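In my numbering, the protein residues as written are 115 to 355.
Here you go:
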């Protein structure tokens, strides 16, 4: 059986992490998982230790990019052939993982994105976020000719080649649109399948209203740089050690 790994970056997810892991154990039994605790201020790590969860604990707060990259390093080190990132807040429905894996294993694409906007079922996010997502869909299409309906989705599955690439180079923050452009620029194919998202039950998003303008500006420029082939917006692993 193909070795499959779920990467769960987690920052202050004490109110969600048990539900997230137990959902995986119940509905995604063919997948292993690793939680990457990004130096949470709450009880996330204590809960993981108490429950005996498989968890990496970053020594300093490093951001979403470094947390996810640590998961890819883990996947590479232990020989996983398939890895998927899901959020630690329990919003991603893991019952779709088998379908995503089937699509990836056909070999026609090297990344499968779970999109909430193809069939528009489940939680659709706020209108302001949807406007931002629509902008990135347009911007990525303008840069690459590829139409990705949910470019900020954190539910993304990749195979071994992309695991190895992401283990070496990965954006520091807000990585989803940027890495999509980079993979397309490198000749990889990306596909989407429709999924449902759940509404967060505890905590709050890491993207506050005050950071929205920074997020939009930074990711727009980063996608352009990725399209032009520059790597200066990437953070190699050796720079975060």
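Don't be surprised by glycine CBs; every beta carbon is placed ideally from N, CA and C.
Predicted model only: the values in this text are computed from it and were never measured.
Counting along the chain, the unbroken beta strand (DSSP E) around residue 270 starts and ends at 270-273. If the five residues before and after residue 263 are omitted, its C-beta is found closer than 8 Å to the C-beta atoms of 229, 231, 232, 251, 306, all from its own chain and listed in chain order.
Per DSSP, residue 188 is one residue of the alpha helix (DSSP H) stretching across 178-191. Per DSSP, residue 228 is one residue of the beta strand (DSSP E) stretching across 225-229. Annotation for residue 158: 124, 126, 127, 128, 131, 151 place their beta carbon closer than 7 Å to its own, counting only its chain and skipping 5 residues before and after.
Following the DSSP letters along the chain, one finds residue 261 in no beta strand (DSSP E), marked with neither H nor E.
DSSP, read as helix, strand or coil, puts residue 278 in helix. Boundaries of the beta strand (DSSP E) harbouring residue 199: 196-199, taken from the DSSP string. Annotation: residue 197 to residue 118 spans about 6 Å, alpha carbon to alpha carbon. When the alpha-carbon of residue 135 is set against those of 155, 187, 201, the nearest one is in 201.
Between residue 312 and residue 210, the alpha-carbon positions lie close to 13 Å from each other. Note on residue 164: under 16 other CB atoms within 10 angstroms of its CB, so exposed under the neighbour-count rule. Per DSSP, the beta bridge partners of residue 119 are 146, 197. Partner residues in the beta bridge of residue 171, as assigned by DSSP, are 151. Within a 10 Å sphere around the beta-carbon of residue 253 sit 16 or more other beta-carbons, which makes this residue buried. Check the Cα spacing between residue 269 and each of 257, 260, 179, 290: the tightest is with 290.
Going by DSSP, residue 217 is part of the alpha helix (DSSP H) stretching over 211-219.
Shown here, residue 305 sits in a strand according to DSSP, grouped into three states. For residue 330, the CB contacts under 8 Å within the same chain, skipping 5 residues up- and downstream, are 246, 249 in chain order.
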